[in-house]
Each structure stands twice: as C-alpha cells, then as structure tokens.
Amino acid sequence: MSKTADAFETRFRGHLDELKWLYMELYENETMFAELCSEMRRFYEARNKNLKKLDLEREAQPSWYKKNDMLGMMFYIDNFAGNMKGIRDKLDYLEKCNVNYIHLMPFLDTVDGRSDGGYAVADFRRVKEELGTMEDLEALTAACHEKKMNICMDFVMNHTSEDHEWAKKARKGDEEYQSRYFFFDDFTVPAIYENTVPQVFPTTAPGNFTWLPDTGKYVMTTFYPYQWDLNYRNPRVFNEMMYNFLFLANKGIDIFRIDAVPYIWKELYTSCRNLPQVHTIVRMMRMISEIVCPGILLLGEVVMEPEKVVPYFGTVEKPECHMLYNVTTMATTWHTVATRSTRLLKQQLDIVNRLPKEYVFLNYLRCHDDIGWGLDYASLMQEGLAERSHKQYLNDYFQGFAGMSNSRGELYNADPVTGDARFCGTTASMCGIEKALSEQDSQAVEKAVQLDVMLHAYMFMQSGIPVIYGGDEIGRLNDYTYKNNPNKAADSRYIHRGSMDWKAAAQIDDTSTVAGKIFSRLDRLEKIRRSEKVFMADADTWTLDTWDESTLCIGRYYEGDKLLGLFNFSEYDKMVWINETDGMYVDMISGRPMKASGVPIPAYGFYYLKKENEPGGDKVENL
Ligand code: GLC
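In this note's numbering, the protein residues as written are -13 to 609.
Given below as structure tokens:
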C-alpha cells in the first residue's frame, strides 16, 4: 500500500463510525452507504498529486486559513474578465489587490433567462459554455495555487435548474426522477406547506410551488419556479450531490460556498428552514471532505439571525462548516451608517466576539445579494424603534429620501402584503460617491470616499476573514443598465452586479481619481493587515466603550501585540472617550505616536492604534 493510500485509510477509519451512524439514521440503506464509500475512494484515487500534497500540508496545519494575510474578493467571471481564461490574465491585478482568495460567482451550466445569476444549475459537471470548460477551471485553480491563491465556488445544493437532466426526466413522468424532487398531484399537501413556509422572493417568485401543466403536477420551488428543490430524503440525491461535490473538489476548488444550506431539508408543519437533518447532512459533508480532500473548506451561506447561524459551525469535536457569513453584522453596519448610532453594532460585535475562536466568520460590506434588514429588533424596540417603521426608514434612507442621506440604490422584493422590502446598491453608491460625482461636488466626493474607506478599515478589524466585493476596491457605482435586459429587469440585485470598469482600474495609481483614492488607501490597510499578526482570524477581539454614540472602538490582541481600531460613523468630528493608560500607541496609518485616551477623531475618520511594546519585552522572547 502506498503512503497516500494510507492517508485515505486513516482518515476513512477515523470517521467511519460517525459517518455510518448518521447516514443510517437518515437513510437506513446499507447498499447506498457502501456505494458512497467506494465512490469516496474512487474520487480520492482520481485526485491529482498536487492537490493531495496540499491536503497533507493543510491537514498538518489546520489553521492555515486563519492567517492575517487571508483576504477575499468575489466577482462574476464574465463581468470581471469575460471568461475563465481571462481571469488568468488578471491574476496580477488580483495580487495587486492583496487578495489571496477569490470567489468566482456561479459558473456552472445554466440557461439564460432562467438562471438566477447562475444559481439554477443545469449540469454540475459542466462549465457554462461562454465562460470556458472544466479544463479551463483546472488550469485556473492550478495557476492560482502556484501563486498561493485559493478559489471559492458556489455549491448550489438545495435545488437544480428545471433544465437539469433529472428535472427533464421527472417532467417526462419518470417516477424515480420525480422522487428526487417534491412532486404533488394536487395542491392539498402544498397548501399545508404554504401555511408554515415563508416566501423567499414574495414579489419576483411568489409561493413555494409551481404548477407544471405538461406533467399535470406541482413541484416544490422555494426560490424561482425554474429552481426545483431537491429531496434529500432520497439517498440517491444525497449520494449523487456528494459525487458532484467531490468531482468539483478534484478540479482544485479550495472553498465551497454551500448555497442556501438552511433550506435543504423539508418537513410538513415546519418552516422548512434549519431542520436538524440539515445539520446531519452538513456534518456528513464535512467528514466526506475530510476523508477525500481535507484541504478544502466549507463556507455556509446562512442568511439568518445569529442564533440560527452559529449551529452551522457544529461543535468543536464535530465541526460542520469552517466559515460562515457574518450577515447580521453586515446588516447592522448599514443600520449604523443610516442612524449614526453604534449601540446595536457594538452589541452585535460583542455577540460574535464571545463565541469560541474556532468559529471563523466571513466579514463583508456588500455581496451579490440584497441587504435584508435582519436586525435585532427586540433591542431596537427598547430604543423605541419598531421593526416595520425602522425598515421603512432604512429603505428610505438608502434610496436617498430620508435623513441626511447621500445614498443611491433600489428596493428589492418590496412585498405589498407585509410591507417588507430589502435593499440593493454598491458600497460606493450607498456611501454617497454616486450622488457626489453626479453633482460634481468634490468636497462631497472626499467625504463619501472617507466613509467608504472607514467602513473597509472597520471591516478589517472584525473577528474573522474579510471579503471585498469585486469593484469596491475602485469604488464601483450602481449600474442601471440591467433594466434594459429583459432577463434581468425584474431583479434589482443586478444594480450591484455591473461589469468591472477596467478604465477606472487603470487609474489606481492616480490618487486624484476616485478609483485611485480608494485603491491606494485600501492597499495601505491591507498591507498593514498582512504584516501584523494581531489581524490573525483567531486573535482576541473585543469592543471598548467610547462614550459617544457615533464612534466605535474595537480591540485586538495576539501574542503580545495589541491594536485598537477607532471609527467615527458620523459626518461630525468627535471625541472617542476611551482611556487606555497602558502605554504609548502609534497610529499605523500615519505613523504618528498617540495616546489612547480622549482621542479626537475627524468626521468618518479612523485610526489603527498599535500599542508600543516595551523595549526588548516581546522581542527578547522571540530571539
Ligand atoms: C443564495 C444566493 C442567491 C440565490 C439563492 C438561490 O441565497 O446567494 O443569489 O438567489 O441562493 O439559489
């Protein structure tokens, strides 16, 4: 037996008991379990030697992804570089962005007009023709690995497109394939589901079921009518989806974003969200990856309140996802921008900071989706802010109608029944850059850029790993051209999914341009982050009282280094009333020595104050 075969055996034996237990609990099917095991071995054997080498390295250093140089960026392949080959030509630009983790938005085969931005997958083993081939993907991941960059992709496991081979067969009446989805002869059972299952897209895709006139049946479609929910009660579905997952892992993918994971198990009389079986499936997926391809990471997409998100980390002994989106913090950040009050944000950061350090959050300001206003309304109520009116305020604010707003953007899925609505726009437009440029007000541009950069500086201070929304590094504005495309016009999320502006990107060295101003200042922050160990994902992170509602102070500590991040969320100069009397500090950005007590801070300003170590103290130990 070769050395690498031993590695598989050891991993397999290590997980077998638990894996089998969970599988049997869900499926009671020995034959299908045996098939899963032999397929795992087959995928392991097919995994190329470079990936196996990386697996071993990462296994030996399980914290590899928690380093302070980890910085992500997400973008659409076509918008960014035309196709996969094009990305290879842009790797130098990405390196210049200090990015070592790139999330390629969905690129698998999908049908235009019913693709949900690629989240309706017609074939999990084919790249969408315009974007390239599986060989291109393999070449790209290999090129990235040469540069020590990681690639993330979406694994859309809740549903397939109606154009998937299984769906086509099911539609033709094949019962075995129908059992891979949820088919109903009439609306009796769907009506029972509808009593308890909320709607994801109340305006653009109301209801959770779709009538198929050619088949004479209803099919469950939680998202768009062309996205058919998979039935994970059927072990064939689980096994085949795991094979798809391993197939893609073998193409060199490092990080799998498990799309819409809370939805994958359905049960009558429930909300069909976050059911215990979902956790069983994710845990099995984690073990399967640890057996076949332990170098990969699972990133769960759980866009829900913190108490629903955290269980997806599993426990320290039985972990599920490696990373999860810090979604409530993201939404609360924009609430803070609109209200100039950091009270709720501080409380939210405290919740995250109290969690075990093994839990790694992915921090972001914007992504390809809308911002749903999932805030802690119970706390806001104590300040007299009621959910409905506050959501209305936030939506008005970010459309530029309310308060002292300079934001631009659009509502998303405004539900006339519940009065609920979400919001879309780019970071730069939400910070006021679009308005200031259109009014040719250079002072307002400066102020808006300042807010934009301050928000990034604050995001980098949060506990976890930051991911920049591609285009934000050069201040990309809203793109309204989606309205001219009939396939996109109804979905305002396309407002922030515009093409990369390479003309603007060519000006990043010219700091008189918006692109240059933002890029150069983010570059500075990213380089500080990369060179200071206090930015490790698992550093101690806490908040300090600032005694001023518009300002925020975040502390970080790692192996003797201490850093305080001070942020002003208001357009007025403020004082940060901290009183850290443990020595002198230096502002990492200006290099200026400063005291960390009673700190004056300009409008939308920030500081990274690093405590000066006692001469010799820390250094001697390191010798
Ligand atoms: C996720 C994606 C979103 C998509 C949905 C359905 O939430 O982020 O863009 O519409 O899943 O797959």
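Even glycine gets a Cβ: it sits at the ideal position worked out from N, Cα and C.
From the DSSP secondary-structure annotation, give me the bridge partner or partners of Thr527.
According to DSSP, Thr527 bridges with Arg542.
So which of Pro280, Gly300, Ile481, Ala491 has the shortest CA-CA distance to Glu43?
Residue Pro280 is the option with its Cα nearest to Glu43.
Here's the rule I'm using: 16 or more other beta-carbon atoms within 10 Å means buried, otherwise exposed. How should Asp496 be labelled?
Asp496 is exposed by the Cβ-count criterion.
Using alpha carbons as the reference points, say which of Met273, Asp487, Asp336 lies closest to Met228.
Ranking Met273, Asp487, Asp336 by Cα distance to Met228 puts Met273 first.
Specify the secondary structure class of Asp604 as computed by DSSP and reduced to three states.
Reliability fails at Asp604, whose pLDDT of 46 lies under 50, so the model's placement of it is uncertain and the value that follows must be treated cautiously. If DSSP states are grouped into helix, strand and coil, Asp604 belongs with the helices.
When you measure from the CB of Gly360 to every non-hydrogen atom of the ligand FMN, does any distance come out below 7 Å?
As for the ligand FMN, it is missing from this structure, which binds only the ligand GLC.
Mapping DSSP to helix, strand and coil, what is Asp215?
If DSSP states are grouped into helix, strand and coil, Asp215 belongs with the strands.
Within 10 angstroms of the Cβ of Ala169, are there 16 or more other Cβ atoms? Answer buried if so, exposed if not.
Note that residue 169 is Phe in the sequence shown here, rather than Ala. Phe169 comes out buried.
For Asp355, is the beta carbon positioned less than 7 Å from some heavy atom of the ligand GLC?
Checking the Cβ of Asp355 against the ligand GLC gives yes.
Taking the CB atoms as reference points, tell me whether Asp356 and Tyr311 lie closer together than 8 Å.
It is not a contact, given that the beta carbons lie outside the stated cut-off.
What does DSSP give as the partner residue(s) for Glu611 in the beta ladder?
Lying outside -13 to 609, the shown extent of the chain, residue 611 is not represented and no answer is given.
Considering only the alpha carbon of each residue, which of Asp526, His482, Thr532 lies closest to Tyr543?
When each option's Cα is compared against that of Tyr543, the closest is Asp526.
Whole angstroms is fine: what's the gap from Lys203's alpha carbon to Asp215's?
Looking at the two C-alpha atoms, the distance is approximately 14 Å.
Would you check whether the ligand GLC has a heavy atom nearer than 7 Å to the C-beta of Glu432?
Glu432 Cβ: outside cutoff for every heavy atom of the ligand GLC.
Give me the Cα-Cα distance between His376 and Arg(-1), rounded to the nearest whole angstrom.
Those two C-alpha atoms are separated by around 53 Å.
I'd like the list of long-range same chain contacts for Trp528, defined as Cβ closer than 7 Å, with 5 residues on each side in sequence excluded.
Counting only Cβ-Cβ distances below 7 Å, and skipping sequence neighbours, we find Asn339, Gly541.
Which residue wins for smallest C-alpha separation from Met574, given the options Arg329, Arg515, Trp563?
Looking at the Cα atoms, Arg515 is the closest of the given residues.
Taking the alpha carbon of Asp382 as the point to measure from, which residue in Ala324, Ala364, Glu369, Leu330 has its own alpha carbon closest?
Nearest of Ala324, Ala364, Glu369, Leu330 to Asp382, Cα basis: Ala324.
Using CA coordinates, which residue listed in Asp240, Val289, Met416 is at the minimum distance from Met139?
Nearest of Asp240, Val289, Met416 to Met139, Cα basis: Asp240.
Roughly how many angstroms lie between the CA atoms of Pro452 and Met445, to the nearest whole one?
One C-alpha to the other measures close to 7 Å.
Can the beta-carbon of Ile481 be found closer than 8 Å to that of Tyr468?
Going by C-beta atoms, Ile481 is nearer than 8 Å to Tyr468.
Does any heavy atom of the ligand GLC sit closer than 7 Å to the C-beta of Val142?
Correct: Val142 has its Cβ closer than 7 Å to the ligand GLC.
My output table needs one value for Gly395: the three-state DSSP class, helix, strand or coil.
Gly395: coil per DSSP, three-state reduction.
Taking 7 Å as the cut-off, does the CB of Glu245 come closer than this to any heavy atom belonging to the ligand GLC?
According to the sequence shown, residue 245 is Asp rather than Glu. Yes.
Under 8 Å, with one C-beta from each stretch per pair, do the stretch 38 to 58 and the stretch 86 to 102 reach the 3-pair mark?
The stretch 38 to 58 vs the stretch 86 to 102: in contact.
Three-state secondary structure (DSSP) at Val175?
Looking at Val175 - three-state DSSP - the assignment turns out to be helix.
Any chance you could list the alpha helix (DSSP H) runs of at least 4 consecutive residues sitting entirely within the stretch 380 to 441, in chain order?
Correct list: 413 to 417, 419 to 424.
Mind checking Leu330: buried by the 16 CB within 10 Å criterion, or exposed?
Classification for Leu330: buried.
Under 7 Å: does the beta carbon of Asp98 sit that close to some heavy atom of the ligand GLC?
No, since every heavy atom of the ligand GLC falls outside the 7 Å radius drawn around the Cβ of Asp98.
For Asp245, collect the residues of the same chain with a Cβ closer than 8 Å to its Cβ; drop the 5 residues on either side in sequence, then sort them by chain order.
Around Asp245: Tyr105, Asp140, Phe141, Val142, Met143, Asn144, Glu287.
For Asp109, name the three-state secondary structure that DSSP assigns.
Three-state result, Asp109: strand.
Taking 7 Å as the line, does the beta carbon of Glu291 fall inside it for any heavy atom of the ligand GLC?
Outside the cutoff, so no.
Give the DSSP-derived three-state secondary structure of Ser165 in the structure shown.
Ser165 falls in the coil class under three-state DSSP.
Give a single yes or no on whether Gly502 has its beta carbon closer than 7 Å to a heavy atom of the ligand GLC.
For the ligand GLC, not one heavy atom lies less than 7 Å from the Cβ of Gly502.
How is Thr17 classed by DSSP in three states: helix, strand or coil?
DSSP places Thr17 in helix when its eight states are reduced to three.
Which same chain residues end up closer than 8 Å to Glu180 when comparing Cβ atoms and leaving out the 5 residues on each side of it in sequence?
Hits under 8 Å: Gly193, Asn194, Phe195.
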